[in-house]
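S.K.:
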Amino acid sequence: MRFLPTRVHGVLDWILAPLLIALPWLLGFADGGAETWVPVLLGVTGLIVTFFTDHELGVVRRIPMIGHLWVDGLGGLLLAASPWLFGFSEQVCVPHVVLGVAEFGAALVTKTIPADGPHGGGH
Numbered sequence: 000m001r002f003l004p005t006r007v008h009g010v011l012d013w014i015l016a017p018l019l020i021a022l023p024w025l026l027g028f029a030d031g032g033a034e035t036w037v038p039v040l041l042g043v044t045g046l047i048v049t050f051f052t053d054h055e056l057g058v059v060r061r062i063p064m065i066g067h068l069w070v071d072g073l074g075g076l077l078l079a080a081s082p083w084l085f086g087f088s089e090q091v092c093v094p095h096v097v098l099g100v101a102e103f104g105a106a107l108v109t110k111t112i113p114a115d116g117p118h119g120g121g122h
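According to numbering that gives the first Met the number 0, the sequence shown is numbered sequentially starting from 0.
(1) Please report the Cβ distance between E102 and G66, rounded to the nearest whole angstrom; I am assuming they are in contact, meaning their Cβ atoms lie under 8 Å.
(2) Classify H122 as buried or exposed, calling it buried when 16 or more other Cβ atoms lie within 10 Å of its own Cβ.
(3) Span of the alpha helix (DSSP H) holding G57?
(4) Between which residues of its own chain and L26 is the CB-CB distance below 7 Å, once the five residues before and five after are set aside?
(5) Suppose you measure from the CA of V43 to the CA of H118; what does that come to, to the nearest Å?
(6) Opposite L3 in the DSSP bridges: which residues?
(7) Flag this pair as touching only if the stretch 20–38 and the stretch 48–63 have three or more C-beta atom pairs under 8 Å; answer yes or no.
(8) Do you know how far the Cα of T5 is from the Cα of D115?
(9) When we look at the beta-carbon of G120 and count the other beta-carbons within 10 Å, is it buried (16 or more) or exposed?
(10) DSSP on G121, reduced to helix/strand/coil?
(11) What residue from S88, G72 and H54 has the CA that sits closest to V7's CA?
(12) Where does the unbroken alpha helix (DSSP H) through E166 begin, and where does it stop?
(13) Using DSSP with H/G/I as helix, E/B as strand and the rest coil, what is D30?
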């Protein structure tokens, strides 16, 4: 059941993507390996995708919301699995798992059409 408005999802994106980029330094696990670069790259990807997403807070509005949600869902799965995929689970895993599961969950429950209607994202 999709109940989260796209506007709320957009607000969360604009807040959490920069937080994801800063997280390794904020929580002290920035050692220069995958534990650092996976969240940084996913955060940068999140900012770019949000900038181009066809929702109320998108700037260019070219990526359909459903495409954005696919990126979020796959990114969330990658983030949650990354401690084991890249071998840093004994160093740090909780932030990656918690934020990855949250991102995946948000992708599942966010509406696919913005309240103000689609604007050019292929609809």
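Even glycine gets a Cβ: it sits at the ideal position worked out from N, Cα and C.
Here the structure is a predicted model, which is why all the values come from computation and not from measurement.
M.R.: On the basis of the data shown:
(1) Position 103 of the sequence shown holds residue 102. Position 67 of the sequence shown holds residue 66. E102 to G66, Cβ: 15 Å. No contact.
(2) Residue numbering aside, residue 122 sits at position 123 when the sequence shown is read from its first letter. Bear in mind that the predicted position of H122 carries a pLDDT of just 43, short of 50, making it unreliable; the figure below should be weighed with that in mind. Exposed is the call here.
(3) In the sequence shown, counting from the first residue as 1, residue 57 sits at position 58. Run containing G57: none; DSSP gives neither H nor E here.
(4) Looking up residue 26 in the sequence shown gives position 27. Only P94 meet the Cβ criterion.
(5) Translated into positions along the sequence shown, residue 43 becomes position 44. Translated into positions along the sequence shown, residue 118 becomes position 119. Distance between the alpha carbons of V43 and H118: 24 Å.
(6) Numbered from 1 along the sequence shown, position 4 holds the residue referred to as residue 3. L3 pairs with T109.
(7) Look at the beta carbons and you see the stretch 20–38 not touching the stretch 48–63: under three pairs across the two are nearer than 8 Å.
(8) Residue 115 sits at position 116 when you count from the first residue of the sequence shown. Residue 5 sits at position 6 when you count from the first residue of the sequence shown. Their Cα atoms are separated by approximately 10 Å.
(9) In the sequence shown, the residue the question calls residue 120 occupies position 121. Its pLDDT being 46, under 50, G120 is placed unreliably by the model, and nothing is read from it.
(10) By 1-based counting over the sequence shown, the position of residue 121 is 122. Interpretation of G121 is limited by its pLDDT of 46, a score under 50 that renders its predicted location unreliable; no figure is taken from the coordinates.
(11) By 1-based counting over the sequence shown, the position of residue 7 is 8. If we check each option's Cα against that of V7, H54 comes out closest.
(12) With the chain covering 0 to 122 only, the question about residue 166 has no answer from this structure.
(13) Stepping through the sequence shown from its first residue, residue 30 is reached at position 31. Reduced to three states, the DSSP call for D30 is coil.
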